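K.L.:
Questions regarding the structure given below will be posed in turn.
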Amino acid sequence: MNKPSQTARTRRAEHSQAQRQRIFDAARQCFAERGFHAASMAQIAETADVSAGLIYRYFSSKSELIHGIVEAQMQALAADIEARQHDTRPPLPCVMEILGQSCRPPGCDGDTPLEPTLMLEITAESRRDPLIAEVLTRFNQQIDAAIAEWMSRPQAEGGFAVPAEKIAARSLALRALVDGLKQRLVREPEMNMAAVEAMLHDVLPRLMGD
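For the sequence shown, my numbering begins at 7 and goes up steadily by one.
Written as structure tokens, this is what we have:
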């Protein structure tokens, strides 16, 4: 095998991967802006600036794109959870940071592919697609385990020092509070975050206290 031939193959592989990622990113943007079913392959092709036919060289169907987006979102969520398990800051700034992710406009660039509007789409789609439901259930269990670990930590390590017998109930309450706020922030990105922070400063100690 000569070196020029190997170099050409490497370049073709890199170009192919770049095209695939370009289409994938365009699909993520369209799905975030319009929803999984309202976004068409033609719109994805236009956003990616490729022909609709080219998409099918890399993805066999719209369903494959949706499943790929779901998996990428879950991987981003897993990475976010892993990072927070090593965070020793007090709980309030951690919760505010989580809520801040929900204020990102659909399809905006960022350091992570975690997309708040897509998480709402994924939740809705999980009621219709067993594969997505299975993935979402697995990651919900991971979130619950991470919250339980966070709550049990001593306060000096950024936790709540919640007794083991109270973790399940308080984890449910915290997820209901934070998930509800995240959904509202997706709908109302201009919400007064100072007011939200003041509310959490008052509510979190009451929620986690004895």
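Ideal Cβ positions, reconstructed from N, Cα and C, are used throughout, including at glycine. Fair warning: this is a prediction, and the values are worked out from it, not measured in the lab.
#1: Relative to the C-alpha of Thr129, which candidate in Glu121, Leu142, Glu203 and His43 has its C-alpha closest?
#2: I'd like the list of long-range same chain contacts for Ala167, defined as Cβ closer than 6 Å, with 5 residues on each side in sequence excluded.
#3: If you follow the alpha helix (DSSP H) that Pro136 is in, where does it begin and where does it stop?
#4: What's the C-alpha gap between Met102 and Met205?
#5: Residues in its own chain within less than 8 Å of Glu203 by CB, not counting five upstream and five downstream?
#6: According to DSSP, simplified to helix, strand and coil, what is Arg133?
#7: So, are the CB atoms of Thr13 and Cys36 less than 7 Å apart?
#8: Name the residue from Gln148, Tyr64 and Thr123 whose alpha carbon lies nearest to the alpha carbon of Arg246.
#9: If you follow the alpha helix (DSSP H) that Ser67 is in, where does it begin and where does it stop?
#10: Report buried or exposed for Pro217, applying the criterion of at least 16 other Cβ atoms within 10 angstroms of its Cβ.
#11: Write down the C-beta distance between Gly164 and Asp93 rounded to the nearest angstrom, noting that I regard them as a contact closer than 8 Å.
#12: Measure the alpha-carbon distance for Asp185 versus Ala48 and round it to whole angstroms.
#13: Within a Cβ cutoff of 6 Å, which residues of the same chain sit near Gln189, ignoring the five residues on either side of it in sequence?
#14: Express the C-alpha separation of Leu105 and Ala200 in angstroms, rounding to a whole number.
#15: Using the three-state DSSP reduction, which class does Gly215 fall into: helix, strand or coil?
#16: Determine the DSSP secondary structure at Thr94, reduced to helix, strand or coil.
#17: Going by Cα to Cα distance, which pick from Arg34, Arg95, Pro96 and Leu83 is closest to Gln107?
#18: Closest to Leu124 by C-alpha separation, out of Ser11, Ser22 and Ala45, would be which residue?
P.N.:
In this structure, then:
#1: It is Leu142 whose Cα lies nearest to the Cα of Thr129.
#2: Its chain contains Pro160 and Gln161 as the residues whose beta carbon lies nearer than 6 Å to that of Ala167, once the 5 sequence neighbours on both sides are disregarded; these appear in chain order.
#3: Per DSSP, Pro136 belongs to the alpha helix (DSSP H) from Pro136 to Ser158.
#4: When rounded, the distance between both Cα atoms is 11 Å.
#5: Excluding the 5 residues flanking it on each side, Glu203 has same chain C-beta neighbours closer than 8 Å at Leu98 and Met102, in chain order.
#6: If DSSP states are grouped into helix, strand and coil, Arg133 belongs with coil.
#7: Their beta carbons are not under 7 Å apart, which means Thr13 does not touch Cys36 by this criterion.
#8: Past the edges of the chain, shown from 7 to 216, lies residue 246, and the structure says nothing about it.
#9: Per DSSP, Ser67 belongs to no alpha helix (DSSP H) and is neither H nor E.
#10: The question about residue 217 has no answer here: the residues shown for the chain are numbered 7 through 216.
#11: Contact flag correct, Cβ pair sits at about 6 Å.
#12: Straight across, the Cα-Cα distance linking Asp185 with Ala48 is about 33 Å.
#13: Counting only Cβ-Cβ distances below 6 Å, and skipping sequence neighbours, we find nothing.
#14: C-alpha of Ala200 to C-alpha of Leu105: approximately 12 Å in a straight line.
#15: DSSP places Gly215 in coil when its eight states are reduced to three.
#16: In this structure, DSSP gives Thr94 a state outside helix and strand, which the three-state scheme calls coil.
#17: Closest option to Gln107, Cα to Cα, is Leu83.
#18: Nearest neighbour of Leu124 by Cα position, chosen from Ser11, Ser22 and Ala45, turns out to be Ala45.
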